[in-house]
Amino acid sequence: MITLERQHSWLQRHLGAAPAHTHEAAAPAWLAAARQQARLSAMQQPLHGRQHESWRYSSIEGLLRQEFTLSTESHDDHAGRIDESRLADLDSYRVVMINGRYSPALSELGALPQGAMLAGLGEAMSSDPELLAAWFGAGPSQEGSIFSALNTALGSDGFVLHLESNVRLQRPVEVVHLNLGAEQQLMMTPRNLVVLQPGAEATLIERFIGDSPAVYFHNGLTQVNLQQDAALRHYRLQQESLAAWHLSSLSISQQSRSNYRGATLAFGGRWSRTEYQLDFDERHASSSLDGLYMVGDGQFTDFHLKIRHLAAECDSRERFKGILHGEGRAVFDGHILVDRDAQHSDAQLSNDNLMLTRNAEIDTKPQLEIYADDVKCSHGTTVGQLDPQQLFYMRSRGIGATAARAMLCRGFAAEIIDGIDSAALRAYAALLLDSSLEGALRSAGGN
């Protein structure tokens, strides 16, 4: 059972055991102050148990039983593993993170256009600390989380993407997070910053890779700031070790006429949680968030969304779909807030789940909190099984049981995968889905 004393003990053990940051000696005063405040904040957070609404269905009891060692070194001896992870036909600027640390030797940045900055957080901190000071911590905060505070207190590396006004990257930025914990149980705390100034545009692809049965904890935090007329396409593919713990917290701030298009596909991890907090700070901004998760035996996956319409005439769309099998368990908690000043907001939220077995479980809670009186908002959720009539029709046409079930599952997921603009990533996601379905349908008895 989780108690506040146990939570504090776990935090103190990891905060106290953390070695000095690689860049601590040169850390500016504002960063040292932020880290110290985060240490205090972590110990002041309430219990992350059933009494905490955001953690009601997401137990961290198993996580608190683990003892991790903070990842402090960059390893450049994994070139072969990185080469194996390449996506065919994807021409990109490539950033490689090994156990949460930026690897210049394995990254391939090429010739960036003038006004574009793409670097490791440590490098950017050394070369341009004033630029980071202007954006570090700006935008929506992940208040109320011991893990976000832990990231700020311990994180000393990550990646930075900064585009000056009207810079438009013609190639996507691909960030490969290779997490390896075979020799010891590591905790990675990457802190990432994405800033697009007025009129800038980019595509960002993040891939989280880990080999089973490595046990580690990826605790990442990403800040995104989109200024006027900026546009970001942000795709995230999570295929961690099936023994790993994965937490990603994303804070997104949008100004007028900006557009954020995000999609997260979650296939791996023993325990994974993705948190989006998105604020519309100025009028006429828009966003769309898509998600696809596949959860099987021994897996838990959680998506938490908090979309805040704080300005008038902004649009948001959220579509999340889950395929559950075995004794897999998932949580979806989508919360849309429409402030009293956010008249003419348009917000649509949906969560659909396909249950391949009786023992799988989904806790889904879409919510609307509306204080304006002239809005267009809706939310809905569905939980169901494969349609027996569709299965019968396909079987009557000579299609085998397993193949028929796989085709229906692909059709269910197609809306999310087909929305990926990158052909290389779309093809890879489809292959990963097929591979996951093969094992899922076998365990579900679809022969």
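Here the numbering used here is used: the first residue of the sequence shown is 1408, the next is one more, and so on.
Think of the CB as a built atom: it goes at the ideal place given N, C-alpha and C, for glycine as much as any other residue.
Contact between residue 1582 and residue 1502 holds, with the beta-carbon distance rounding to 5 Å and staying under 8 Å.
The continuous alpha helix (DSSP H) containing residue 1816 extends over residues 1808–1824.
Between the segment 1586–1595 and the segment 1515–1531, the count of Cβ pairs shorter than 8 Å is below three; the stretches do not touch.
Per DSSP, the unbroken beta strand (DSSP E) holding residue 1769 starts and ends at 1768–1777. Restricting attention to beta strand (DSSP E) runs no shorter than 3 residues, the segment 1552–1619 encloses them at 1566–1570, 1580–1586, 1593–1595, 1598–1603 and 1608–1617, ordered along the chain. Residue 1743 has 1714 and 1775 as its beta-bridge partners, per DSSP. Membership of residue 1693 in the beta strand (DSSP E) is indicated by the continuous run 1693–1702. Pairwise C-beta distances place the segment 1667–1686 in contact with the segment 1650–1658, as three or more of them are shorter than 8 Å. DSSP places residue 1709 in the strand class (E or B) of the three-state scheme.
Excluding five sequence positions before and after residue 1499, the CB atoms of its chain that fall closer than 8 Å to its own CB belong to 1578, 1579, 1580, 1581 and 1612, given in chain order. Ranked by Cα distance from residue 1686, the options 1527, 1738, 1733 and 1633 are led by 1633.
Between the segment 1531–1546 and the segment 1408–1421 there are fewer than three inter-stretch CB-CB distances shorter than 8 Å, so the stretches are not counted as touching. Between residue 1670 and residue 1827 a beta carbon distance of about 6 Å is seen, short of the 8 Å cut, so the two are scored as contacting.
By alpha-carbon distance to residue 1701, the top candidate from 1744, 1756 and 1767 is 1767. Inter-residue distance for residue 1807 and residue 1761 is about 20 Å (C-alpha atoms, whole angstroms). In terms of Cβ geometry, residue 1497 and residue 1779 do not form a close pair [threshold 9 Å]. Per DSSP, residue 1450 is one residue of the alpha helix (DSSP H) stretching across 1436–1451. Of the residues assessed, residue 1800 falls on the exposed side of the cut-off, its CB having fewer than 16 other CB atoms within 10 angstroms. Scanning 1641, 1833 and 1510 for the CA closest to the CA of residue 1495 turns up 1833. When secondary structure is reduced to three states using DSSP, residue 1639 falls in the strand class. Ranked by Cα distance from residue 1742, the options 1675, 1707, 1838 and 1785 are led by 1785.
With contacts defined by Cβ atoms closer than 9 Å, residue 1567 and residue 1604 do not form a contacting pair. Membership of residue 1462 in any alpha helix (DSSP H) is not indicated, and neither H nor E is assigned to it by DSSP. When secondary structure is reduced to three states using DSSP, residue 1750 falls in the coil class, being assigned neither helix nor strand. Cβ atoms of residue 1461 and residue 1711 come within 8 Å of each other, at about 6 Å. Spanning the alpha carbons of residue 1554 and residue 1474 requires a straight line of approximately 15 Å. By the C-beta criterion, the segment 1713–1730 is judged not to be in contact with the segment 1452–1460, since fewer than 3 inter-stretch pairs fall below 8 Å.
In the three-state scheme derived from DSSP, where H, G and I count as helix and E and B as strand, residue 1421 is classed as helix. Distance from the Cα of residue 1747 is smallest, within the candidate group 1535, 1719, 1814 and 1651, for 1719. Annotated as proximal: residue 1820 and residue 1699, with beta-carbon spacing under 9 Å.
Residue nearest to residue 1410 within the set 1437, 1469 and 1448 is 1469 (criterion: CA-CA distance). Under the three-state reduction of DSSP output, residue 1722 falls in the strand class. Ranked by Cα distance from residue 1790, the first of 1608, 1769, 1775 and 1803 is 1769. Secondary structure note for residue 1686: its beta strand (DSSP E) is the uninterrupted segment 1678–1687.
Annotation for residue 1409: no alpha helix (DSSP H) segment contains it, and DSSP assigns it neither H nor E.
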